[in-house]
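Reading through the structure tokens given below for one structure.
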Amino acid sequence: MASVGAFYLLWEKFEQHGRIFVRVGVAAGLTFSVLQLFPTGDRQGRLVATHQPVTLAAMEALFDTQPGAPLVLIGQPNVDKGEMDNPLIIPNALSFLTYRAWKAEVKGLNAFPTDQWPTSIELLYFSYHIMVGLGTIFIAVMLISAFLLWREKLFTSRWMLWILMLALPFPYIANTAGWITAEIGRQPWLVYGLMRTADGYSKGVSAGNGIFTLLGFMGMYTVLAIFLHYSWSVAKSSTGQRWKLRQWSHFMSEIRSRLGSRNSHWARIWSGPLGSES
Amino acid sequence: METLWFMIVAVMVAAYVVLDGFDLGAGVLYLGAAHTTAERQTIMRAIGPVWDGNEVWLLAAGGTLYFAFPLLYASSFSGFYLPLMMVLWLLMLRGIGIELRHHLHNPVWQGFFDVVFSVSSILLCIFFGAALGNVVRGVPLGPDGYFFEPLWTNFRVSIRNGILDWYTVLTGVIALVTLTVHGSLYIAIKTENDLNRRARTTAQWMWPLQLILTIVGLIATIYIRPTVLDNYQQHAIGYLITVMVFASLAVMIYALRKGPDLAAEKLAFVASSLYIVGMLVGAAFALYPVVLPASTDPALNLTIYNTKAGAHGLAVGLASWILGMILALGYFFFLFRMFRGKVRLESGGY
Numbered sequence: 003m004a005s006v007g008a009f010y011l012l013w014e015k016f017e018q019h020g021r022i023f024v025r026v027g028v029a030a031g032l033t034f035s036v037l038q039l040f041p042t043g044d045r046q047g048r049l050v051a052t053h054q055p056v057t058l059a060a061m062e063a064l065f066d067t068q069p070g071a072p073l074v075l076i077g078q079p080n081v082d083k084g085e086m087d088n089p090l091i092i093p094n095a096l097s098f099l100t101y102r103a104w105k106a107e108v109k110g111l112n113a114f115p116t117d118q119w120p121t122s123i124e125l126l127y128f129s130y131h132i133m134v135g136l137g138t139i140f141i142a143v144m145l146i147s148a149f150l151l152w153r154e155k156l157f158t159s160r161w162m163l164w165i166l167m168l169a170l171p172f173p174y175i176a177n178t179a180g181w182i183t184a185e186i187g188r189q190p191w192l193v194y195g196l197m198r199t200a201d202g203y204s205k206g207v208s209a210g211n212g213i214f215t216l217l218g219f220m221g222m223y224t225v226l227a228i229f230l231h232y233s234w235s236v237a238k239s240s241t242g243q244r245w246k247l248r249q250w251s252h253f254m255s256e257i258r259s260r261l262g263s264r265n266s267h268w269a270r271i272w273s274g275p276l277g278s279e280s
Numbered sequence: 021m022e023t024l025w026f027m028i029v030a031v032m033v034a035a036y037v038v039l040d041g042f043d044l045g046a047g048v049l050y051l052g053a054a055h056t057t058a059e060r061q062t063i064m065r066a067i068g069p070v071w072d073g074n075e076v077w078l079l080a081a082g083g084t085l086y087f088a089f090p091l092l093y094a095s096s097f098s099g100f101y102l103p104l105m106m107v108l109w110l111l112m113l114r115g116i117g118i119e120l121r122h123h124l125h126n127p128v129w130q131g132f133f134d135v136v137f138s139v140s141s142i143l144l145c146i147f148f149g150a151a152l153g154n155v156v157r158g159v160p161l162g163p164d165g166y167f168f169e170p171l172w173t174n175f176r177v178s179i180r181n182g183i184l185d186w187y188t189v190l191t192g193v194i195a196l197v198t199l200t201v202h203g204s205l206y207i208a209i210k211t212e213n214d215l216n217r218r219a220r221t222t223a224q225w226m227w228p229l230q231l232i233l234t235i236v237g238l239i240a241t242i243y244i245r246p247t248v249l250d251n252y253q254q255h256a257i258g259y260l261i262t263v264m265v266f267a268s269l270a271v272m273i274y275a276l277r278k279g280p281d282l283a284a285e286k287l288a289f290v291a292s293s294l295y296i297v298g299m300l301v302g303a304a305f306a307l308y309p310v311v312l313p314a315s316t317d318p319a320l321n322l323t324i325y326n327t328k329a330g331a332h333g334l335a336v337g338l339a340s341w342i343l344g345m346i347l348a349l350g351y352f353f354f355l356f357r358m359f360r361g362k363v364r365l366e367s368g369g370y
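Those protein sequences? They're chains A and B, same order as listed. Per my numbering, the first sequence runs over residues 3 to 280. Per my numbering, the second sequence runs over residues 21 to 370.
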């Protein structure tokens, strides 16, 4: 929402709405990005440490059990050698985050037999770090935006609006990366500690049946995508345009009446024929 | 405890068939009874607000099955893999038909989605009937509790049967006729004039077929699985279900004969619902405690005892189930109250 608002403000169209979008988006964004870190994210991390210690070790790519474990900010895990390449670390931070004690011992991957390690430690490490990294970036972006908003400078700070606008895909990426973390992190278990993924597949369903239904789903979604693309292009064509604009102006007039706005700038934009807008 | 969960699953399946049954039936009726665009829109509006809520009961029943009888879930969902996927596709196509026909205001595409909606509704009725037929007839269970059934073999009822044989095709047709009548009665309640008249006429014409098929189905079931009578002979109270089924049929035709009268239409719809509940409860009563009979060897039957989840889980789950039910029922009554009465196009809405 903040991204769309920033786009309107940069474009210098629909500015009234752009301001509302940015204001609401930044307020909600700040609240929830902080709540994601604490208490929810922190609590989740410590739950993983309690119940799935091997997953935590793999997520953080901590190869050796050690007191005062460091938190890796950036680095590429080298699973064959059991070490990090090019690490950038905060000493003792992982111990503190996990156990609230700087010198606490955190179990590394070497504390567990290799057959209990998550199947792809590299993918798990990166998806987890992308999620956490983006979460940190959200907090930073939202803090700065909220500060500018408070100083009433946000709507004129083009550089910050650019950042807000370009951040549009990041929440989706963080979401997906978090999902990958959860699913890969649980491997090789289907039910943690009880049932392995390899024991979970349906023995009665042949690979041929599986491929058949996979193709079926792909086909159905392809047809849907083509149809939706087609209706989109019809909606954009001349006859569709009138219909769409009617919907749009109806939507906008409803917003206007709800806000009770009588802003002269606003009225100038909306009193003209809609065709001149785009 | 497992008996309680068996009853819960049976009741949920019955609730699903009664509820989604009427909008599936409306889909069957759709192309035949609604001739003009306005009439089609009327049917869509009659089921529009409720059809997806009704389908939740299928998900809820599946979820409860998974929770209470995990082995049954594992066995049947992998054994019936292909037909279940087809049901899923049909459910998707039906939803697509309902939702996308508003997208383009073009008669060609509206006609296309009308057919998608109606044909997938018809096929779903047959598939659901065939599914029940499979559960009553039994499947070739192996000693590990798993089985594989091809879609069809030679359409005979034997150990090497497929999903479709003459018996399950018969149950599929029974389901189609039953749900068509059920849907027609619902549409009759919700509409006026021509549409109301056509819906009532359909129900009236289908009724003798429904009666004959009920009797044939009963005889066929006893013929292919004589053991279905065991529970009835031990507990004669079960015969009351049979009485209820035929009494409902009688009430239905009595109410239909009374002509266009809302109270009579509602009576007929309630009777049709009771008929469906009676048929399903009758089947569940006959099966108990078996949940999936083995056509290979009765010793391999899946019963509520060898498929149930742990005792602690079953006890704890009851609390969550009751909570979920209260929420679902609350939503259900709110929804049907909001959209009560006849559908009128000019009043706007869905």
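Note that the Cβ used here is the ideal one computed from N, Cα and C, for glycine as well. Note that the structure is a prediction, hence the values are computed from the model and not measured.
Kindly indicate the opening and closing residues of the beta strand (DSSP E) around residue i.
i                     : result
residue 172 (chain B) : From DSSP, residue 172 (chain B) is part of no beta strand (DSSP E); its letter is neither H nor E.
residue 74 (chain A)  : 73-80
residue 177 (chain A) : No beta strand (DSSP E) contains residue 177 (chain A), which is instead part of the alpha helix (DSSP H) from 172-188.
residue 56 (chain A)  : Element bounds for residue 56 (chain A): not the beta strand (DSSP E) but the alpha helix (DSSP H), 55-61.
residue 192 (chain A) : 191-193
In its own chain, which residues sit with a C-beta less than 7 angstroms from the C-beta of residue i, not counting the 5 before and 5 after it?
i                     : result
residue 197 (chain B) : 226, 229, 230 and 233
residue 363 (chain B) : 62, 65, 66, 210 and 211
residue 17 (chain A)  : 10 and 11
Report the residue from the options whose alpha carbon sits nearest the alpha carbon of residue i.
i                     : options                       : result
residue 167 (chain B) : A:21, A:204 and A:123         : A:204
residue 135 (chain A) : A:55, A:105 and A:180         : A:180
residue 289 (chain B) : B:181, B:45 and B:148         : B:45
residue 149 (chain B) : B:89, B:359, B:296 and B:326  : B:296
residue 87 (chain A)  : A:98, A:75 and A:184          : A:75
residue 180 (chain B) : B:286, B:144, B:189 and B:161 : B:161
residue 20 (chain A)  : A:110, A:26 and A:10          : A:10
residue 266 (chain B) : B:281, B:56 and B:294         : B:294
residue 36 (chain A)  : A:6, A:145, A:80 and A:149    : A:145
residue 176 (chain B) : B:199, B:315, B:333 and B:325 : B:315
residue 73 (chain A)  : A:154, A:83, A:62 and A:109   : A:62
residue 94 (chain B)  : B:139, B:328 and B:332        : B:328
residue 310 (chain B) : B:57, B:39, B:70 and B:91     : B:91
residue 58 (chain B)  : B:261, B:34, B:36 and B:213   : B:213
residue 65 (chain A)  : A:53, A:45, A:40 and A:107    : A:107
residue 102 (chain A) : A:70, A:195, A:109 and A:201  : A:70
residue 71 (chain B)  : B:111, B:49, B:51 and B:60    : B:111
residue 190 (chain B) : B:119, B:78, B:39 and B:154   : B:154
residue 43 (chain B)  : B:79, B:22 and B:199          : B:199
By the three-class DSSP mapping on this structure, what secondary structure does residue i have?
i                     : result
residue 127 (chain B) : helix
residue 318 (chain B) : helix
residue 323 (chain B) : strand
residue 89 (chain A)  : strand
residue 119 (chain A) : coil
residue 207 (chain A) : coil
residue 269 (chain A) : Because the pLDDT of residue 269 (chain A) is 46, which lies under 50, any placement of that residue in the model is unreliable, and the question is left without a value.
residue 264 (chain B) : helix
residue 197 (chain A) : strand
residue 50 (chain A)  : helix
residue 64 (chain A)  : coil
residue 70 (chain B)  : coil
residue 136 (chain B) : helix
residue 143 (chain A) : helix
residue 363 (chain B) : coil
Name the DSSP beta bridge partners of residue i, please?
i                     : result
residue 107 (chain A) : A:69
residue 75 (chain B)  : Residue 75 (chain B) pairs with nothing; no bridge assigned.
residue 21 (chain A)  : Note: residue 21 (chain A) sits in no beta bridge, so no partner.
residue 312 (chain B) : B:322
Tell me where the alpha helix (DSSP H) around residue i begins and ends.
i                     : result
residue 159 (chain B) : Run containing residue 159 (chain B): none; DSSP gives neither H nor E here.
residue 287 (chain B) : 282-307
residue 37 (chain B)  : 22-53
residue 193 (chain B) : 186-210
residue 111 (chain B) : 101-120
residue 230 (chain B) : 213-244
Given residue i, which residues of its chain have a CB within under 6 angstroms of its CB, disregarding the five upstream and five downstream residues?
i                     : result
residue 58 (chain A)  : 50 and 51
residue 43 (chain A)  : none
residue 271 (chain B) : 291
Counting only the same chain and skipping the five closest in sequence on each side, list residues whose C-beta sits under 8 angstroms from that of residue i.
i                     : result
residue 12 (chain A)  : 160, 163, 164 and 167
residue 28 (chain B)  : 84, 88 and 341
residue 186 (chain A) : 120, 121, 122, 125, 126 and 129
CB of residue i to nearest heavy atom of the ligand SAH: below 7 angstroms?
i                     : result
residue 109 (chain A) : Among the components of this structure there are no ligands whatsoever, and the ligand SAH is therefore not found.
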